[in-house]
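Chains as they are written, first to last, in the numbering used here: chain A, 33 to 166; chain B, 1232 to 1890; chain C, 343 to 485; chain D, 3 to 269. The beta carbon of each residue, even a glycine, is placed where N, CA and C say it ideally should be. All values derive from a computational prediction rather than experimental measurement.
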Amino acid sequence: MRVTAEEINSTLVREVEEVSGQKVSACFQCGKCSGGCPVVLSMDVLPHQVLRYAQLGLVDKLLHCKTLWICASCQTCDSRCPQNVDIPKVIEALRLLVLRNKGGNYLHPHDLSAKVLKNAPQQGLVSAFRKYAK
Amino acid sequence: MKRIGVFICWCGSNIAGTLEIDKMVAAAKTMSGVVYVDQNKYTCSEIGQAMIRDAIKEYSLNRVVIAACSPRMHENTFRKTVVSAGLNPYYLEIANIREQCSWVHKDREAGTAKAISLIRTAVAKAAMNEALFAVEMPIIRRALVIGGGIAGIQAALDIADTGFEVDLVEREPSIGGRMAQLDKTFPTLDCSACILTPKMVDVAQHEKIKLYTYAEVEKVEGYLGNFTVTIRQKARSVDLQKCTGCGECLAKCPSKVASEFEEGLVQRRAIYTPFPQAVPNKPAIDRAHCRYFTSGKCKVCQKVCPAEAIDYAMEDLLLTNGYGAIVVATGFDIHKLNDYGEYAYGKHPDVLTSLEFERLLNASGPTGGKILRPSDGKAPETVAFIQCVGSRDKAKGNPYCAKVCCMYTAKHAILLSEKVPGSKAYVFYIDVRTAGKDYEEFYNRAYEECNAGYIKGNVSKVFPDGDKLLVRSVDVLSGALLELRVDMVVLAASVDARADAKELAKKLAITVNEHKFFTEAHPKLRPVDTQTAGIFLAGMCQGPKDIPETVAQASAAAVKVAAIFSKQSLLSNPIVAEIDQRLCSGDMSCMTVCPFNAISEQVVEERRGRETVSRKIAKVNAALCQGCGSCTVACRPGAINLKGFTDQQILAEVDAICL
Amino acid sequence: MPVTNEGFEPVIVAFCCNWCSYAGADLAGINRMSYSSNVRIIRVPCSSRVNPSFIIRAFQRGADGVLVTGCHPGDCHYHSGNFFTRRRLSVLKQLMEYLGIEPQRFQVRWISGSEGAKFAMVMNSVAEEIRRLGPNRKLRDVR
Amino acid sequence: MRYSYYPGCTLKTMAKVYEDTTLSTAKALGLDLHEIKEWQCCGALYPLNTDEIFSFFSPVRALLQARGAGEDKLLTLCAGCYNVFKRTNRAVREDKELRRKINAFLEEDYMGEVDVVHYLEVLKNDLGFEILAERVKKRLTGRKFAPYYGCLLLKPRAEMDLDDVENPTIFENFLSALGAAAVEYPYKTECCGSYLSMANEEIASTAVGRILNSAYKNGAESFVVACPLCKYNLEEYQKELFAVGREANPKLPVYYFTEILAEALAL
């Protein structure tokens, strides 16, 4: 991975900060978020790395990572973050950068399994479509 | 009639090289009140000063203006000169024509014009200068040290060794403080008790030190050189004169309570000495937990005491003493971990704070110096040390770094490897901070020689898992997720200012920062002073620091105290605020802006026609006033002036400059 | 014929606190940093000693500009003096602007004892601004 | 004690038992619940982005209705609704700019006058667990429940302010009021996988497995929950975990806390 000064000053990072209302520069990489994340084992970019890549301007890498669709917004990380960074909000902003582009939908109704359609509570379906589709 | 003499200095070529001296002389001669003008190559030289002295006498000068270098350079020199010629030192005024003219203006004509303006300004001010007198104030040459930890002990010993009296006040039944709780000290692994205990004994035996244990400062009044302090000697219920320290009572007392000194790992009795090496090594009764005081029955200690030293009727005593200076050395509290439920502290017995672990290491501690798990008494094979618990945490703890944890944890890892062969320490850190002499080497030793595994990653949660503890963290550097099953977890709890630091600050009229640590007068150049003259700081009460730094600051505070006591009396600064009683409306706006609490209310009686009425007005304590002049602006009726910088003097300067 | 500012040399009164800004001026001198000779310094113990009336008086007596300098907020030798300065003089500044006085004519700056170069730079820039504005005609006493 | 009551979508369909037992127990305890009219879906998730405004309208409209009905408390049940309502209400109270924007779209101005409460909170604070204990007709002595909090009831820490996020005790105290035992296990606040079960079932299944194991190992016989999605995940993946033989533990039933409350009140 090579990083240039232009990338570090990436305007996309500013956009992420604006949409999330979070300052990515506040993170000092203690890792408390990743250590406690209940779904971290399925992530390709760990929560603390999300912030590190954002600090380095590597937004493109973040827009293509699985992590965006794995975070459950359970807020365990931000309730423990010593620097008050709300990581779910940063991930939400990245997710929206993808979803707001053409064809960015991650979940379609026909993807749902028969079991989900039969038994899942509305709460779960509404949540999933709010997170995964326009 | 003002008779002003003006003396213009060449400063070799420093002034004469760029400004036209003759023009200045000619101009000065025309200025109002000026009766004599002269010039000299080096006014600050003995010859130059003699010339001024002679002229003062010969021409009966009563105000002197010297146009030369900055007053910050030679104001004191020339004040002495005019004093030696019989004038008040504050009759002198200096026009700064070197730093403000000859050195910074290349244009000869413009520079000379400005220099003339500056001389005119100085002459205008000098014409209004009044004689000011410094008052001699006697100094009570006895110091008060508040807090009997290593900081207070060191400060008290150093002051006492210079020959001055010291009173040391400690609120616990023994001096010793936090350092007494420690086992070994980094980076040398000296035994803490071995180096501290002799100092404690020195304090007790020093003929110049008077020790008040189980006592607290109740009230502080006065100022530098003359503080009046009320000390509350809490009722110890044990007569120190009679008690022989035999310890009979300690064993027989039926009431048990968690031992503060042992961090709650074991219980002490209601009558107790905090630890075996206590000074004084005599007990106190903790009345809140004593069976006699809570239920009215018991008196076992009195029955077993062979010296008849137990006195249940003893009452708190208020003692009032005078002191010339005060050293504050009240130490710190360990951060409470209520907000860190994720670490299972209090939920699982094998999750400890670092200070609790320290007691396990200590030979006189609850396990006799063996590292054993509180749950089952077995030696732990793996221990996770979690750094920054409550430190560097804006959300739930302190935003600052507690400074000592990285180093004591390296020590703990080293001692663990020595005491439990084959064991493994995992240290979870955010950053390892080892600035200090031999500190980095000590840390290297922990991971190179003592098998400590350092992992950059703040532990997120500790899951009690049977008789083990599952520690979940990430290794930030590799991105590896760690789930370690360990036998013990040690939390590096942050350090806080004392919970009651604000109340003490209020009593002392000193300030605290947003974390309740006492503030120093200047962060770099006056790190030991407070902004209240005569009150100094030592140790953690000012901010996190380790033992060497604490001792250095304590010794520095002692020197500051000794420097004050090296004189019999103090000369007050005569440049202080002054209140015109007739004009003061008693609205007290001045009081609210004074940074030094130098202004207070007083009630005066005045004749109004036939009646005598009393009314409230402001009063300046000249010993506390530092002469900033902020009050003069706040005063609506214009009743306050600052001597030496009066409204009239400054307005005269303004007028002269604008001519 | 219109009034011009040609050949105008402003008089600028600078109130400098003894502990920071006056020391900064001394340092500018020690380092021979030349600056505009239009600036004349009045030494005060603390910037909080400067009564707004001194500033108005200076303008009335013909000063073309007034500068108050003190320690940086938080560094005051008297601990909190310059916080009062900041509060009081920002009120005065609004009043002056309300009266129609150009904001550049009255400025408050924080200069520490180690900032000799900053002192010289501030003096030059203030002198230049006031030179451009021309003489203070509005507040000057009719004399 | 009167409350406006917001049921939410799931309570009318998949979680009907949650609503039924709530209404019957509330009635028995003298708590007067009035369902607000014409409510819409709360949005299920509180918006985490700063550039969204529309998802605030539904909860604010419901809160306006509660205010219009003269109630100062709006009661919710589903943890998702509770989270959305409580955070929205707090945002309206504290964020002046957001409040201005929202009110620009609404018929009436809402300033955050109504308090959002959870039924559990009402039982604790308004009724009191001591009084609840006295009203219990059939103490659930000997029953061992694993209280499962999930995330939305408690987090974010600063905004929900219901209980300690790491060591909550409200369920435990509730259970002891009913005479039941609460099992202490460290996974009681670990996420069940939430909506990931809609699209990434493997992840949710792993999360549930850990919670299940921990609860079982510590002696639990069943779970109590306050969230339909938690209940779905805990039940659904227990089934699967057994089917594929990854977990050896017997199945632990999952109850809404209101179900066992109804049992204890002998309804």
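- Nearest CB-CB separation between Pro-158(D) and chain A: below the 9 Å threshold.
- Within the segment 47-117 of chain D, the complete beta strand (DSSP E) runs of at least 3 residues fall at 75-78.
- Legend: CB atoms of the segment 158-183 of chain D lying less than 9 Å from CB atoms of chain B belong to residues Arg-159, Ala-160, Asp-166, Val-167, Glu-168, Asn-169, Pro-170.
- In the structure shown, the three-state DSSP call for Glu-1340(B) is helix.
- Short of 6 Å from the beta carbon of Ser-1725(B), and not among the five residues preceding or following it, lie these beta carbons of its own chain, in chain order: His-1566, Gly-1621, Ser-1622, Gly-1628, Asn-1629, Ala-1633.
- Apart from sequence neighbours up to five positions away, the residues of its chain that approach Val-1366(B) with a beta-carbon distance below 6 Å are Ser-1803, ordered along the chain.
- Contact between Asp-368(C) and Ser-1831(B) fails: their C-beta atoms lie close to 36 Å from each other, not under 8 Å.
- Closer than 9 Å to the CB of Phe-448(C) there is not a single CB belonging to chain B.
- If you look at Asp-1389(B), you'll find it in the alpha helix (DSSP H) that goes 1381-1392.
- Taken in chain order, the complete beta strand (DSSP E) segments of 3 residues or longer contained in the segment 1788-1832 of chain B are 1800-1802, 1808-1810.
- Tyr-138(A) and Gln-42(D) have their C-alpha atoms spaced approximately 25 Å apart.
- Taking each of Val-1717(B), Val-1434(B), Lys-1687(B) in turn and checking the Cα distance to Ser-1709(B), the smallest one comes out for Lys-1687(B).
- Within chain D, not a single residue places a beta-carbon under 7 Å from that of Cys-59(A); the smallest gap is close to 17 Å.
- Interface criterion met: the Cβ of Asp-53(D) is under 9 Å from a Cβ in chain A.
- In this model, Gly-1408(B) and Arg-1373(B) are separated by some 23 Å (Cα to Cα).
- Neighbourhood of Glu-1672(B) in chain D, by CB distance below 7 Å: empty, with the nearest CB roughly 38 Å away.
- Between the beta-carbon of Glu-1494(B) and that of Thr-1584(B) there is about 7 Å, and that keeps the pair under the 8 Å contact cut.
- Secondary structure note for Ala-1853(B): it is in no alpha helix (DSSP H), with a DSSP letter that is neither H nor E.
- Taking 9 Å as the cut-off, the beta carbon of Gly-1860(B) is found closer than this to the beta carbon of Val-386(C).
- The alpha-carbon of Leu-1318(B) is positioned some 7 Å away from that of Asn-1293(B).
- Secondary structure of Pro-1302(B) (DSSP, three-state): helix.
- The continuous beta strand (DSSP E) containing Tyr-1267(B) extends over residues 1265-1271.
- If you ignore the 5 residues before and after Gly-1577(B), its C-beta comes within less than 8 Å of the C-beta of Leu-1568, all in its own chain and listed in chain order.
- Taking a cut-off of 8 Å for Cβ pairs, the segment 211-226 of chain D and the segment 136-153 of chain D touch, as three or more such pairs fall below it.
- When rounded, the separation of the alpha-carbon atoms in Ala-1785(B) and Ile-1377(B) is 12 Å.
- When rounded, the separation of the alpha-carbon atoms in Asn-1828(B) and Ala-1764(B) is 12 Å.
- Scanning the segment 16-40 of chain D from its first residue to its last, the whole beta strand (DSSP E) runs of 3-plus residues come out as 34-37.
- Sequence-distant Cβ neighbours of Leu-1646(B) in its own chain, meaning closer than 6 Å and more than five residues away, are Leu-1592.
- The Cβ atoms of Asn-91(D) and Leu-125(D) lie no closer than 9 Å to each other.
- Note on Ile-133(D): under 16 other CB atoms within 10 angstroms of its CB, so exposed under the neighbour-count rule.
- Cβ neighbours of Ser-6(D) within its own chain (closer than 6 Å, five residues either side excluded): His-36, Ile-38, Ala-68, Ala-71, Glu-73, Leu-76.
- Distance from the Cα of His-419(C) is smallest, within the candidate group Met-438(C), Tyr-364(C), Leu-431(C), Ile-384(C), for Tyr-364(C).
- When DSSP states are grouped into helix, strand and coil, Gly-1684(B) belongs to the strand group.
- By the beta-carbon neighbour count (other beta carbons within 10 angstroms, threshold 16), Pro-1779(B) is exposed.
- The Cβ atoms of Gln-1880(B) and Met-1359(B) sit closer than 9 Å to each other.
- For Phe-1876(B), the chain C residues whose Cβ falls inside 8 Å of its Cβ are Val-386, Pro-387, Arg-391, in order along the chain.
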